[in-house]
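Asker:
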Amino acid sequence: MSRSPSLPERPRLELDPDMSPSERLGALKEHFEQLVRVNSELEDQLANARERREALTEEVDELERENETLKTSSLYVATAEEITDDGVVVKQHGNNQEVLTELPTQLREALEAGDRVAINDSFSIQSQLETETDARAQAMEVDESPEVTYDDIGGLEAQIQEVREAVEEPLVNAEQFDEVGIDPPSGVLLHGPPGTGKTMLARAVANETDATFIKMAGSELVRKFIGEGSRLVRDLFELASEREPAIIFIDEIDAVAAKRTESKTSGDAEVQRTMMQLLSEMDGFEDRGEIRIIAATNRFDMLDRAILRPGRFDRLIEVPEPDAEGRRRILEIHTQDMSLADEVDFEHLAAETDGFSGAELASLATEAGMFAIRDGRTDVRTEDFEEALEKIEEGDQTEGQPVAFY
Ligand SMILES: Nc1ncnc2c1ncn2[C@@H]1O[C@H](COP(=O)(O)OP(=O)(O)OP(=O)(O)O)[C@@H](O)[C@H]1O
Ligand SMILES: [Mg+2]
């Protein structure tokens with residue numbers, strides 16, 4: 001910055017008492033001229049100063065604007081790892097860089113270790129992130145306690161029992177496994193035709209234990225961006241260890257763990273990378289504490305056998321289509337809140353719905369309710385179920401049978 005020019009010196013009037021009047025007049029004239037010169041010089045300087053002030057104001061405006069954009073420019077997501085007297089240790093997501101930064105006064109009360117924050121280029125914390133704005137939570141569904149209970153599941157008593165042993169017991173009675181000296185199964189794979197209650201079963205276990213339920217759909221993991229799928233897998237396990245005890249549920253696992261195909265497109269390579277990450281997370285699992293993993297698929301035939309090796313998904317639980325007794329129970333469950341006319345015979349309906357999945361039975365109940373409404377009634381009768389059944393069977397014929405790939 002250029003310095004402002006020094007002010008011209010103030011002219012001094014020197015009058016000698018010995019001067020003659022004409023000499024005095026001359027001196028006064030000269031003084032006057034000097035004053036005029038200085039005055040115009042000052043005026044020039046004033047004009048310059050004004051000009052300069054204008055330029056500076058403009059500069060200030062520009063800097064202010066720049067500052068605004070800097071403030072609103074992209075921030076990085078980080079986790080507050082530790083809050084100490086010296087500040088906060090934050091760990092930047094993506095590169096895992098850890099730094100000690102200052103704890104902003106306005107966050108002093110609110111911020112807790114494990115919270116996610118937004119930081120700028122110089123690692124200063126700009127804001128605390130809500131759990132909802134967490135990118136990981138967007139891809140994963142975190143549920144402290146899902147609402148489904150074992151009682152809502154019909155006809156899967158044996159499967160419920162198996163899941164309880166493999167998932168619930170190790171979470172609830174960890175010491176017992178320690179004492180006996182065995183490791184609980186690493187991962188449980190639920191497999192069976194669509195709509196038979198696999199997802200329900202996984203949710204019910206989480207409800208029954210006080211574990212956090214973290215659900216990730218396999219299709220979510222199959223991102224087309226390099227590295228994103230494997231990063232999500234890493235995050236999934238990291239999140240689970242933060243929320244322990246936790247149940248990780250990977251639905252539609254076939255999307256990530258399908259057999260290697262012939263085609264070698266980059267998409268496939270990315271899916272492979274995601275699966276490798278999943279396998280390596282599971283392999284390094286022993287020391288992760290109270291985390292159980294459940295996966296589900298309706299395409300068991302498609303799975304890469306690598307994921308079924310010991311230490312990975314080594315407990316297979318088949319969830320079949322319900323038998324007559326199962327169908328009766330499922331119908332009962334799904335009509336619990338309906339006002340049924342007394343004569344509705346579930347035994348009979350169960351016999352007539354051979355081959356129906358749980359999901360199809362649920363929609364049969366809804367359909368029957370719709371027929372009652374259409375008829376202006378609030379009670380649902382056998383005839384409504386018969387009509388619903390007819391409609392569903394007709395639908396099946398026109399649309400073709402559901403693909404039996406299982
Ligand atoms: N055994 C069951 N008991 C009660 N309701 C069931 C049962 N099976 C399925 N349903 C009903 O069908 C719906 C879908 O079930 P769910 O999502 O658990 O099926 P799924 O086996 O995971 O199917 P998919 O392989 O297509 O994912 C449930 O929300 C429930 O209403
Ligand atoms: Mg499912």
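Take the sequence shown: its letter number 328 is residue 328 in the UniProt record's numbering, and every next letter is one higher. Quick reminder that beta carbons are idealized off the backbone N, C-alpha and C, glycines included. Note that the structure is a prediction, hence the values are computed from the model and not measured.
1) Output yes or no for whether 8 Å exceeds the beta carbon distance between Ala359 and Gly195.
2) Is Lys91 helix, strand or coil by DSSP?
3) May I have the straight-line CA-CA distance separating Leu331 from Pro146, to the nearest angstrom?
4) Any heavy atom of ligand 2 inside 7 Å of the beta-carbon of Asp143?
5) Buried or exposed: where does Met216 fall if 16 or more other Cβ atoms within 10 Å of its Cβ makes it buried?
6) Going by DSSP in three states, Gly187 sits in which element: helix, strand or coil?
7) Taking just the CA atoms, how far does Glu112 sit from Glu132?
8) For Gln401, does the three-state DSSP call read helix, strand or coil?
9) For ligand 2, is there any heavy atom lying closer than 7 Å to the beta carbon of Lys198?
10) Count the other CB atoms, across all protein chains shown, that sit within 10 Å of the CB of Leu239; report buried if there are 16 or more and exposed otherwise.
11) Tell me whether Ser124 sits in a helix, a strand or coil according to DSSP, three-state version.
12) Helix, strand or coil for Ile248 per DSSP?
13) Examine ligand 1 and report whether any of its heavy atoms sits within less than 7 Å of the Cβ of Val188.
14) Tell me, please, whether the stretch 294-306 touches the stretch 333-344 by the rule of three or more beta-carbon pairs shorter than 8 Å.
15) Quick one, are the C-beta atoms of Ala246 and Asp143 less than 8 Å apart?
16) Please return the same chain residues whose Cβ sits closer than 7 Å to the Cβ of Phe371, not counting the five positions on each side in sequence.
17) Among residues of its own chain, excluding the 5 on either side of Pro104, which ones have a beta-carbon nearer than 6 Å to its beta-carbon?
18) Just to confirm, does Val167 get its C-beta within under 7 Å of one of the non-hydrogen atoms of ligand 4?
19) Is any non-hydrogen atom of ligand 2 found closer than 7 Å to the C-beta of Ala211, if you look at the structure I gave you?
20) I'd like to confirm something about Asp323: is its beta-carbon nearer than 7 Å to some heavy atom of ligand 1, or not?
21) When you compare only the Cα positions, how much space is there between Asp254 and Glu220?
22) Exposed or buried, which one is Gln401 when buried takes at least 16 other CB atoms within 10 Å?
23) Pull up the distance between the alpha-carbon of Arg50 and that of Thr69, whole angstroms please.
24) Can you find a heavy atom of ligand 2 that lies under 7 Å from the Cβ of Ala296?
25) Any contact between the stretch 268-287 and the stretch 157-165? By contact I mean 3 or more CB pairs, one from each, below 8 Å.
26) Helix, strand or coil for Asp151 per DSSP?
27) Does the beta-carbon of Lys224 have 16 or more other beta-carbons within 10 angstroms, so that it is buried, or is it exposed?
28) Short of 6 Å in beta carbon distance, which residues of its chain neighbour Pro185, apart from the five on each side in sequence? Order them along the chain.
29) Hey, quick one: how far does the alpha helix (DSSP H) through Phe237 stretch, first residue to last?
30) Rank Ala257, Pro17, Arg12, Asp16 by C-alpha distance to the C-alpha of Val36 and give the top, closest one.
31) Could you tell me if Gly197 is buried or exposed, where buried requires 16 or more neighbouring beta carbons within 10 angstroms of its beta carbon?
32) Between which residues of its own chain and Glu81 is the CB-CB distance below 6 Å, once the five residues before and five after are set aside?
Answerer: The answer reads as follows:
1) yes
2) strand
3) Spanning the two alpha carbons is a distance of roughly 22 Å.
4) No; taking the cut-off as 7 Å, the Cβ of Asp143 has no heavy atom of ligand 2 nearer than that.
5) Buried: at least 16 other Cβ atoms inside 10 Å.
6) strand
7) Unreliable positioning characterises Glu132 in this predicted model, as indicated by a pLDDT of 44, which lies under 50. The coordinate reading is nonetheless provided below. Answer to the nearest angstrom: the Cα atoms are 16 Å apart.
8) With a pLDDT of 48 at Gln401, under the threshold of 50, the modelled position of that residue is not reliable, and the figure given next carries that caveat. Of the three classes helix, strand and coil, the one that applies to Gln401 here is coil, per DSSP.
9) yes
10) buried
11) coil
12) Judged by DSSP in its simplified three-state form, Ile248 adopts strand.
13) no
14) Below 8 Å, too few C-beta pairs join the stretch 294-306 and the stretch 333-344 to call them touching: fewer than three.
15) no
16) Within the same chain, Phe371 has close Cβ partners Asp384, Glu387, Ala388.
17) Ile125
18) Ligand 4 is not among the ligands present in this structure, which contains only ligand 1 and ligand 2.
19) no
20) no
21) 12 Å
22) With a pLDDT of 48 at Gln401, under the threshold of 50, the modelled position of this residue cannot be trusted; read the value that follows with caution. Exposed.
23) Approximately 29 Å, taken between the alpha carbons.
24) For Ala296, the shortest C-beta to heavy atom distance toward ligand 2 is below 7 Å.
25) no
26) helix
27) In this predicted model, Lys224 has a pLDDT of only 49, less than 50, meaning its place in the structure is not dependable; the value taken from the coordinates is given anyway. Flag for Lys224 reads exposed.
28) Counting only Cβ-Cβ distances below 6 Å, and skipping sequence neighbours, we find Ala166, Asp314, Arg315.
29) 228-242
30) Arg12
31) buried
32) Once the five neighbours on either side are set aside, the close Cβ partners of Glu81 are Val89, Lys91.
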